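Read through the structure below, which is laid out as structure tokens, and then see the notes.
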Amino acid sequence: MDIELTINGETTTVEAGSEQDLATVLRQHGHIDVKCGCDGGTCGASKVFVDGDVRMACGMAATEAEGSDVQTVASLGTQDDLHPVQQAFVDNFAVQCGFCIPGMIVQATALLDENPDPTEREVREALDDNVCRCTGYQKPVEAVLDAAGRMREEGVAADGGRPIGGEPADDTAMGKPADAGGCCGGGCDE
Amino acid sequence: MSDSDNASDLDDGPDGVRAEEEATGGTVEGAAREPDRKAPDEREAITTDEEKDDARQIVTGEARYTADYRDRFPDLAHGKVVRSDIAHGHVESVDTSAAEAMDGVYAVITPFDDVVPDTLYSSSGQSYPEPSPWDLTVLREHVRFVGDPVAAVAAEDPDTADRAARKVEVEYRERDAVFDPEAALDEDAPQLFETDDVENKQSGADYARNLESHFEGELGDVDAAFDAAEAGEGVHVVETEWETPYQSHCVPEPHATIAYTDEDDRHVFITATQVPFHTRRQISHLFDVPIRDVRVTKPRIGAGFGSKQEMAIEPITFALHLAAGRPVKLEMTRQEEFTALRFRHPMRMRMKTAVTEEGDIEAMDLYTLSNSGAYGTHGMTVANNVGTKPLPIYPRVPNVRFSGDVVHTNLPMGAAMRGYGAPQGHFAVESHMDEVARRLGLDPIEFRLRNAVREGDLDRSVAILKDDDRFERTIRSCGIRECVERGKEAIGYDDLDQPDEDHRHRGVGMALIAQGSGVAGKELGAAQVKMNEDGSFHLQVGGVDTGTGADTMFSQIAAEVLGCPPEDVVVVAADTDLTPFDYGAYASSTTYISGRAVKNAAEDAKERLLEWGATLLDEPPEVLDTGDGAVYSEETGNRVSLEEIGYEATYGDDEREHILGDGNHSTDESPPPYGAQFVDVTVNEETGEYDLNKLVFAADCGVAINPALVEGQIEGGEHMSLEYATSGGLSFDGEGNPEVQGFRQYGMPRTTDHPPMETILVETHEPTGPFGAKSIAELPTNGVPPALSNAIRDAVGVRLTELPFTDEDLRAALDARDGDD
Ligand code: FES
Ligand code: FES
């Protein structure tokens, strides 16, 4: 069946079988930044924003995403203009093989939007269902704390420089820009 | 213009005199133009935290792994494997008709099809001829564990392939199975292999007893030493036993392969492999096609940890491709990773030592019984490393014996996994040494340092299983004492606060660690440097970056030689059509072997740079060097940029040359990196629960080319080691059915399960390594089980000997202790 949804700011119609999960459908439509590392719902690699909430895309029927706003890690920044969370992952050497990283960055971004000044414990709890086999989680956790510091300094969340997920009108949604927000550099409609 | 070297020319006499010269600043042959040892302030591109070259692609989600290439193939078929659901038996018949009748099914293959060769092979990605037995076929008529591949399907989409696979009906003639390695050795046990089912070059095979290999080696006279100890005064004999479980690699990206045949009739594999060149050779062997007609490429890879040092799924993918006549992609599920792919071998070990009152070790005797599972890939070689990695920590012990049996059972196959036998071996040896010290009333750390390796030692135990002394090695770099000192300080060894509650006790344990740097005498790395006219370079290297950052490290080594920034070195790696040969990413060989080949290639190109610089500057090449993007004169300070040289060499009026360099590296050397793992634990004596307060790992990997990447290796290695100690393991029911099917049932530590980790790098200079580097990737996988066993012993006086340590185990040990009181 055909499903209409918005993916990284672009409204589009995709074909999906009634039993197909969202991760599979996104990947079939070229969104290879959505990774699949398990048979569903246990590794965190497929995390995306659906209407501002973090979801494991593999654990959700594609049909359930009808009409929703889906954002993947690719919406956050570009290689030349990284989102502060992405930049912190690069600068802190938090990526090794990288397979877990899209899901981890989506989750970390959501955390910092909700809690701009988390403790290390809070970061660890937020990432607890993102499995990573390469890093021992040490540098990813350091990266998230570093990103939090940078974002507070730069006031990124406050000025809406990088909205993620959510309708602009809904300011309770995680990751949404504040009203004054400018263009997100690829992740929004502006 | 070839620069090839073989570092065996560095072999020392037993006195190690040369080694000391080298360690104090000598130069390495083959690097004669400039000393290999650089003081920190002379380094430009090395020992810096150079950004990982693919980090930006990864964080933006643009990095492409094998399955992400699906969009390049509009007619791609999707594969699915049909696996045995019995532990032991023979396939009587396979009914594929229902599957074949389905719309969208392109091919169903069985062991009886022509496109499926019945040639024997080994899936181990090892050098030729593989030491592992050739005991596999692409699909299996004789199934030997629950999960053995019997048939496979290719269909238009994954769902159709799944449904078709479920419609394949297999009938078996079931046979008795055996699951315990000791029981499997019994003459009456079900036999997994007839002798002519296998080509086995390993020592001591006896398939009538399911014995894949038996091996033993001895230095001195161990029995005489124990006899003397038993008879005499003042020498204590201590014997201990240890047991380890299966461990899953939990490889982040499940195995994936795309196979197709291009318009030139060449067979191409895009595949998640650590060993492209071995895979090319093995595909050629198995399908009887010339090596030159096979191309194996490795895109980004979601790590390997040894699981992808296996040609595990490429043959099935290729057979499906031949049958379907279109490109085929086969991806494993997580369930297949946990049940049917590859694992760390479970083992039972026995360690016995004779030690004097003062703490001198007179004799060591280590035995291992390894459960190889259903097939023999890496069976003997992993078991060999149980001894040959940790025993060399104590190279001056005069009497040493090491022996082992590698046994088949009807369970999944063990294979290469990061550490490669060393994690099992270190658990036995380093827990044993701690126990000895405590029983003798010696300080466990002092006792070990008294006997531990020093620079200049001749290590014979590393070659204990070899027929000749070619692989005995002189230790040229060893920072193990500084690792211990700094680790002690970081963990607070000398002033540990005890908790206030009486039933909670805190303890610290330590394990000494060693690994190797490549397989001695069985490695080859090669690289080529090509200059571009703008002063940048392409580096073509066979070495395989499995996600560790090896490509970045290569660019740093090349840049350090060429005098340019690492970003000016474009790395093209691990493609059997485009890059020079390499044995692949295993045995901690990439920095030491492939990195040294890169250095040699860069030095070869540098000679040409200096010649061109000499012409352009009108000065003799002997006074010139590279640095800061130029060739400059040490005498006059004049300089000519690499870009000027590039344009002049390419487009000049008088003479033209493409500046190229090539380098090889092969060697009999495998210098050990060293480490010390510390664990700080608090045990609740009432419940048996324990909390890890902190992990400290201090590592001597020689010169760390990229310290941040090295730290990442250590933290990730410790993570696996933590799992091995506390939570990993597979279980099976009485029929051999796997009970662990996914992450939900498997105890992989999550973020919140990790105690704080502190990492310390102790720099030494390994004269045979590139700029003094040794390996790092496997070293940190070895330490937590022994260090935690030792820490618990320190805290509450009980010894845990079976991994993983559960609260129940600890509670039972505490009860036994109190019962004995
Ligand atoms: S693939 Fe979605 S959580 Fe693992
Ligand atoms: S970086 Fe490899 S799984 Fe996280």
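Going down the list, the protein sequences come from chains A and B.
In short: position in the first sequence from 1, add 31, done, that's our numbering.
In short: position in the second sequence from 1, add 5, done, that's our numbering.
Backbone N, C-alpha and C fix where the C-beta goes; we use that ideal spot for every residue, glycine too.
Note that the coordinates shown come from a computational prediction; the quantities given were computed from them, not determined experimentally.
Please classify residue i: is it buried, with 16 or more other beta-carbons within 10 angstroms of its beta-carbon, or exposed?
i	result
A/Q51	buried
A/T228	Nothing about residue 228 of chain A can be reported from this structure: the residues present for chain A run from 32 to 221 only.
B/P775	buried
B/Y133	exposed
B/P136	buried
B/D823	exposed
B/N404	buried
B/E367	buried
B/K206	exposed
B/H663	exposed
B/A236	exposed
B/E258	buried
B/I480	buried
B/P320	buried
B/N376	buried
Say whether chain A places a C-beta atom closer than 7 angstroms to the C-beta of residue i.
i	result
B/V64	yes
B/R61	yes
B/Q340	yes
B/A308	yes
B/G763	Before going further, note that residue 763 of chain B is Glu rather than Gly in the sequence given. Closer than 7 angstroms: no.
B/H147	no
B/F737	no
B/T786	no
B/F748	yes
B/R755	yes
B/D73	yes
B/H724	yes
B/S717	Residue 717 of chain B is actually Gly in this sequence, not Ser. Yes, because at least one Cβ of chain A sits closer than 7 angstroms to the Cβ of B/G717.
B/H508	no
B/G721	yes
B/H83	no
B/A818	no
B/H383	no
B/G31	Because the pLDDT at B/G31 is just 37, under 50, the model does not fix this residue reliably, and the point stays unresolved.
Identify every residue that forms a DSSP beta bridge with residue i.
i	result
B/V299	B/H272
B/V412	B/L216 and B/N376
B/G84	B/A159
B/S312	Looking at the DSSP assignment, B/S312 forms no beta bridge with any residue, so it has no partner.
A/K78	A/M87
B/I114	B/A157
B/N404	B/A368
B/Y637	B/D630 and B/R644
B/A704	B/G680 and B/L766
B/Q252	B/R349
What does residue i reach in chain A if we use C-beta pairs closer than 8 angstroms?
i	result
B/V256	R164
B/R305	C128 and G129
Give a yes or no on whether the minimum CB-CB distance between residue i and chain B is below 7 angstroms.
i	result
A/C89	no
A/G98	no
A/R86	no
A/D52	no
A/G83	no
A/P70	In the sequence on display, residue 70 of chain A carries Asp and not Pro. With 7 angstroms as the cut-off, A/D70 counts as an interface residue toward chain B.
A/R193	With a pLDDT of 48 at A/R193, under the threshold of 50, the modelled position of this residue cannot be trusted; read the value that follows with caution. Cβ-Cβ to chain B under 7 angstroms: no for A/R193.
A/C215	Model confidence at A/C215 stands at a pLDDT of 34, short of 50, so the residue's coordinates are unreliable; what they give is reported in the following sentence. With 7 angstroms as the cut-off, A/C215 does not count as an interface residue toward chain B.
Under 9 angstroms Cβ-Cβ, which residues of chain A neighbour residue i?
i	result
B/L714	F124 and Q127
B/A70	Contrary to the premise, residue 70 of chain B reads as Tyr rather than Ala in this sequence. Within chain A, the residues near B/Y70 are I63, K66, C128, G129 and F130.
B/H260	Neighbours of B/H260 on chain A: none; closest Cβ ~12 angstroms, over 9 angstroms.
Anything in chain C within Cβ reach of residue i, meaning under 7 angstroms, just list it in chain order.
i	result
A/G61	No chain C appears in the structure shown, which is made up of the protein chains A and B.
Starting from residue i, find everything on chain A with Cβ-Cβ shorter than 7 angstroms and list it in chain order.
i	result
B/T553	Q127
Since residue i meets chain B, which of its residues come closer than 7 angstroms, beta carbon to beta carbon?
i	result
A/I136	V64
A/P133	G66
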